[in-house]
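J.: After the structure tokens below, expect a handful of questions from me.
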Amino acid sequence: NIAATLKQFADYSGLKVNVTKSKVFFSLTTKRGKISSIVASTGINRNHSLEKYLGFPMMHGRLQRRDYEFLEEKVSKKLASWQHNLLNKAGRMTLVKSVLNSIPNYYMQIAWLPQSTCDSIDRMARNFLWKGSSTTGIHLVGWDKITKPKKLGGLGIRKARDANTSLLGKLIWSIHQNNDVLWVQVIKHKYLKEEVLLTITKKPGSVTWNAIMKALSALKDGFQFRLGNDNSSFWYTDWSESGILANQVLYVDIHDLEMRVRDVYIDGKWNFNSLYTDMPSEVKDQLNLIHVSLNSNVTDCYTWKDNLNGIYTARDGYYWLNRHAFSVNPAAGVSWSWLWHLPAPEKIKFLLWTMIHHALPTRVMLAHRGILQTNLCPRCSINEETTLHCLRDCDFVKSIWKAIGFSELVFFQGDDSYEWLWNGVKCSTMFLFMAAVWWIWRARNALCLESEVVSHFTLRMCIVDYAHLLKNGHFTQHETVMPKQVRWNALGGTGMILNVDGSSIGNPSIFGFGGLIRNADGAWVHGFYGNLGVTNILHAELMAIFKAILNNIKNILNRDWQVTLTHTLREGNACADYLAKYGAQNNDVFSSIANPPAGLSLPLLADASGT
1 NIAATLKQFA DYSGLKVNVT KSKVFFSLTT KRGKISSIVA STGINRNHSL
51 EKYLGFPMMH GRLQRRDYEF LEEKVSKKLA SWQHNLLNKA GRMTLVKSVL
101 NSIPNYYMQI AWLPQSTCDS IDRMARNFLW KGSSTTGIHL VGWDKITKPK
151 KLGGLGIRKA RDANTSLLGK LIWSIHQNND VLWVQVIKHK YLKEEVLLTI
201 TKKPGSVTWN AIMKALSALK DGFQFRLGND NSSFWYTDWS ESGILANQVL
251 YVDIHDLEMR VRDVYIDGKW NFNSLYTDMP SEVKDQLNLI HVSLNSNVTD
301 CYTWKDNLNG IYTARDGYYW LNRHAFSVNP AAGVSWSWLW HLPAPEKIKF
351 LLWTMIHHAL PTRVMLAHRG ILQTNLCPRC SINEETTLHC LRDCDFVKSI
401 WKAIGFSELV FFQGDDSYEW LWNGVKCSTM FLFMAAVWWI WRARNALCLE
451 SEVVSHFTLR MCIVDYAHLL KNGHFTQHET VMPKQVRWNA LGGTGMILNV
501 DGSSIGNPSI FGFGGLIRNA DGAWVHGFYG NLGVTNILHA ELMAIFKAIL
551 NNIKNILNRD WQVTLTHTLR EGNACADYLA KYGAQNNDVF SSIANPPAGL
601 SLPLLADASG T
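Position 377 of the sequence shown, counting from 1, maps to 377 under UniProt numbering, and the rest follow consecutively.
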């Protein structure tokens, strides 16, 4: 039968199977007699593994770590090909990110790597970052901090497990969105049938399917159902983020079995009286917070909740998996974005990054870790060598700072290294400051590691020369930024002016929208506001435009009007912002108002007077 099928394929396609280059793979349960018969009839030799396809090993059966040892070897060889003495830590950081974003990612797209493999990749990355290809070195900053985004104090290196999961999330997204793709059709036919991926119970399958299931368990809560034409089942689709409603009632009345969302949500309100099924009051209260916009041109579908456009990306998935670790603590008071935008080499940025993390390997830090017995400064041998003492307060270092122009008393005050660095790089002498920090630290290391004493004169000249090099190599002439006055009708329009805005209040976030029409002198003409329930700010602001303009678009187009759409900053949109907040505080889906609320009097007067 196999030989006949191959012949039929050749007759239909005009192609011929090269049996000398072909191999046949049998499962472990295939009997020896059948194996011998197939090999004899087809002329195709047996192979004991599926080997590789496009560089990826074709897995069969239960995966083990040894199946991915080739991946660990690839990463190890790539990193080891660079000698540790040829790259500083900033260079190693760049190489680690390059290697991790290329070699493992290719395999992570369709396979769930064993945890031991992910741990090994992470271990190789952090060891190379701190040690290079040698066996000695100190891990100065913890891995959990390193794997944060740069703007949150990390280096932007990704953890292998979370990177693997987020990349597999693209397969989940494709199953929901790309019904015309062959592999999606195969997956749906074999595993899903008529079920939805996000609500399916876990079932075993192929290597790729098992990988999708494991990633789904981690990413499932990041997807949400978006209503468009509201054609989804009211009872049996999880469209409300409150779970399937059929599971929250004693039973669904036979008259309600075919109910769609659009059958219950009518004219912007929930019509629960049309249901025969008795719904608990708490469920009704939850649904009353949800306002949907019917759009017959948009189908109901799943979207990614952590992205305003609703599209899943591996980057969004990775951030969502680490949303708690990446949450910003306002009380921390540390900003990081400025550091990576400094006009300086990466090695200086890396040094400053280490300082801000209080991880510079001074003698105080080394003694604290039990590496050294003494914590005294190697220059003065009197005081403890803290970060600020090493780089600013030691008598020898202080004389260097004064010699290059930093003689103000305030420069040597304070015990916060972050504040000292921030003040140093934001002044006009930033290049001299960064050069001094770099060379003072370098001279200190020469003294500690090589017993080399750099003289006062030599160190000062090195700092000045390096500052000139930094300035000439990185400095660009910035245009003077003039203060911009923001006010209502700053463009001096002479017609009718419509302002709209969206706003959120409370937790969970209840969003409202609002807008008003005024003449060019600021006199009130008409206004509106509304409540959107639980949504996002982009939707709220778009709904403000929709309610103000698009509902009356045909009427507007029939008028002899010239319409201009412009963006204004918050300071020039205070009245619309007030109405948007007013809408969020009220339960009305849409209200048109002829007279302004009392609280809007002062903002209206301020806009009209141009203040």
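Glycine residues also receive a C-beta, built at the ideal position from the N, C-alpha and C atoms.
Could you pull the start and end residues of the beta strand (DSSP E) that residue 620 belongs to?
T.: Since the first residue of the chain shown is 1 and the last is 611, residue 620 is not available in this structure.
J.: Tell me the DSSP secondary structure of K131 in three-state form.
T.: For the purposes of this step, residue 131 is taken as residue 131 along the sequence shown, with counting starting at 1. In the structure shown, K131 sits in a helix (DSSP, three-state: H, G or I).
J.: Could you spell out the range, first to last residue, of the beta strand (DSSP E) harbouring Y302?
T.: Walking along the sequence shown from the start, residue 302 turns up at place 302. 301-304 is the span of the beta strand (DSSP E), which, as asked, contains Y302.
J.: For H189, name the three-state secondary structure that DSSP assigns.
T.: Here residue 189 refers to the residue found at position 189 of the sequence shown. In the structure shown, H189 sits in a helix (DSSP, three-state: H, G or I).
J.: Counting only runs that start and end within the segment 237-284, where is the beta strand (DSSP E) found for 3 or more residues in a row?
T.: Those beta strand (DSSP E) runs which fall completely within the segment 237-284 and span 3+ residues do not exist here.
J.: Once the 5 residues before and after L579 are set aside, which same chain residues still bring their CB inside 7 Å of it?
T.: In the sequence shown, residue 579 corresponds to position 579, counting from 1. G514, G515, L516, G527, Y529.
J.: With a threshold of 8 Å, are at least 3 pairs of Cβ atoms found where one atom belongs to the segment 161-177 and the other to the segment 378-387?
T.: No contact exists between the segment 161-177 and the segment 378-387.
J.: Within 10 angstroms of its Cβ, does K581 collect 16 or more other Cβ (buried), or is it exposed?
T.: For the purposes of this step, residue 581 is taken as residue 581 along the sequence shown, with counting starting at 1. By the 10 Å Cβ count, K581 comes out buried.
J.: Just curious, the alpha helix (DSSP H) that K581 is in, first and last residue?
T.: To locate residue 581, count along the sequence shown from 1; it is residue 581. That run of the alpha helix (DSSP H) goes 574-585.
J.: Shortest alpha-carbon distance to V141 belongs to which of L360, S503, G424?
T.: As a first step, residue 141 is located in the sequence shown; it is residue number 141 there, counting from the start. Closest option to V141, Cα to Cα, is L360.
J.: Let's test the definition: count the other Cβ atoms within 10 Å of the Cβ of K21 and tell me whether it reaches 16, buried, or not, exposed.
T.: Translated into positions along the sequence shown, residue 21 becomes position 21. Looking at its Cβ environment, which holds fewer than 16 other Cβ atoms inside 10 Å, K21 is exposed.
J.: Helix, strand or coil: which one does DSSP assign to P57?
T.: Translated into positions along the sequence shown, residue 57 becomes position 57. In this structure, P57 counts as strand in the three-state DSSP scheme.
J.: Could you pull the DSSP bridge partners for V24 from this structure?
T.: Taking the first residue of the sequence shown as 1, we reach residue 24 at position 24. Answer by DSSP bridge pairing, in chain order: R46.
J.: Do you know how far the Cα of N271 is from the Cα of S335?
T.: The count along the sequence shown starts at 1 and reaches residue 335 at position 335. The count along the sequence shown starts at 1 and reaches residue 271 at position 271. Straight-line Cα distance between these residues: approximately 49 Å.
J.: For F528, list the residues DSSP reports as bridge partners.
T.: Reading the sequence shown from its first residue, position 528 is the one you call residue 528. Partner(s): G515, S592.
J.: Contact between the segment 305-324 and the segment 192-200: three or more CB pairs below 8 Å?
T.: Output reads no: the segment 192-200 does not touch the segment 305-324.
J.: Which value, in whole angstroms, describes the spacing of the CA atoms of G424 and T566?
T.: Looking up residue 424 in the sequence shown gives position 424. Looking up residue 566 in the sequence shown gives position 566. For G424 and T566, the distance between alpha carbons rounds to 40 Å.
J.: What does DSSP give as the partner residue(s) for R226 in the beta ladder?
T.: For the purposes of this step, residue 226 is taken as residue 226 along the sequence shown, with counting starting at 1. In DSSP, R226 forms a bridge with C301.
J.: Let me confirm a value: R158 is counted as buried when at least 16 other C-beta atoms fall within 10 Å, else exposed. Which label applies?
T.: Here residue 158 corresponds to residue number 158 of the sequence shown, with the count starting at 1. It is buried - the Cβ of R158 has at least 16 other Cβ atoms within 10 Å.
J.: Using a Cβ-Cβ cut-off of 6 Å (strictly less than) and excluding sequence neighbours within five positions of F406, which residues of its own chain qualify?
T.: The residue labelled residue 406 in the question sits at position 406 within the sequence shown. If we look at F406 and ignore the five residues flanking it on each side, it has no Cβ neighbours.
J.: Would you kindly work out how many angstroms separate the C-alpha atoms of S206 and W112, rounded to a whole number?
T.: Counted from its first residue, the sequence shown places residue 206 at position 206. Counted from its first residue, the sequence shown places residue 112 at position 112. S206 and W112: Cα-Cα distance of roughly 12 Å.
J.: Quick one, which of G492, G55, A584, N288 has its alpha-carbon nearest A608's?
T.: For the purposes of this step, residue 608 is taken as residue 608 along the sequence shown, with counting starting at 1. When only C-alpha atoms are compared, the closest one is G492.
J.: With H, G and I counted as helix, E and B as strand and the rest as coil, what does DSSP make of I497?
T.: For the purposes of this step, residue 497 is taken as the residue at position 497 of the sequence shown. It is a strand residue.
J.: Roughly how many angstroms lie between the CA atoms of E282 and H291, to the nearest whole one?
T.: Position 282 of the sequence shown holds residue 282. Position 291 of the sequence shown holds residue 291. Their Cα atoms are separated by approximately 17 Å.
J.: Tell me which residues share the same chain as K150 and place their Cβ nearer than 6 Å to its Cβ, disregarding the 5 neighbours each side in the sequence.
T.: Taking the first residue of the sequence shown as 1, we reach residue 150 at position 150. Result list for K150: G156, W340, in chain order.
J.: Which parts of the segment 115-181 are runs of the beta strand (DSSP E), unbroken and 3 residues or longer, counting only runs that do not cross its ends?
T.: Correct list: empty.
J.: Please specify which runs of the beta strand (DSSP E), each continuous and at least 3 residues long, are wholly inside the segment 323-391, giving them in chain order.
T.: Listed in chain order, there is nothing to give.
J.: For the pair the segment 221-237 and the segment 299-306, tell me if three or more CB-CB distances fall below 8 Å.
T.: With the cut-off at 8 Å, the segment 221-237 and the segment 299-306 touch.
J.: Taking E72 as part of the alpha helix (DSSP H), name the residues at either end of that continuous run.
T.: If you number the sequence shown from 1, residue 72 lands on position 72. First-last of the alpha helix (DSSP H) with E72: 69-80.
J.: I510 by DSSP, collapsed to three states: which one?
T.: In the sequence shown, counting from the first residue as 1, residue 510 sits at position 510. Strand at I510.
J.: What is the residue span of the alpha helix (DSSP H) that Y107 lies within?
T.: The residue given as residue 107 occupies position 107 in the sequence shown. Unbroken alpha helix (DSSP H) run through Y107: 103-108.
J.: Looking at L79: is its Cβ nearer than 8 Å to the Cβ of M108?
T.: Indexing the sequence shown from 1 puts residue 79 at position 79. Indexing the sequence shown from 1 puts residue 108 at position 108. For L79 and M108, no; Cβs fall outside 8 Å.
J.: Work out the CA separation of H176 and N587 for me, nearest whole Å.
T.: By one-based count along the sequence shown, residue 587 stands at place 587. By one-based count along the sequence shown, residue 176 stands at place 176. Using only the alpha carbons, I get a separation of about 34 Å.
J.: Opposite S233 in the DSSP bridges: which residues?
T.: Residue numbering aside, residue 233 sits at position 233 when the sequence shown is read from its first letter. According to DSSP, S233 bridges with R260.
J.: Can you tell which of A403, S417, K402, L421 has its C-alpha closest to the C-alpha of T386?
T.: On the sequence shown, residue 386 is found 386 positions in, with the first residue counted as 1. Of the candidates A403, S417, K402, L421, the one whose C-alpha sits nearest the C-alpha of T386 is S417.
J.: How many angstroms separate the CA atom of K34 from the CA atom of G43?
T.: Within the sequence shown, residue 34 is the residue found at index 34, counting from 1. Within the sequence shown, residue 43 is the residue found at index 43, counting from 1. One C-alpha to the other measures close to 14 Å.
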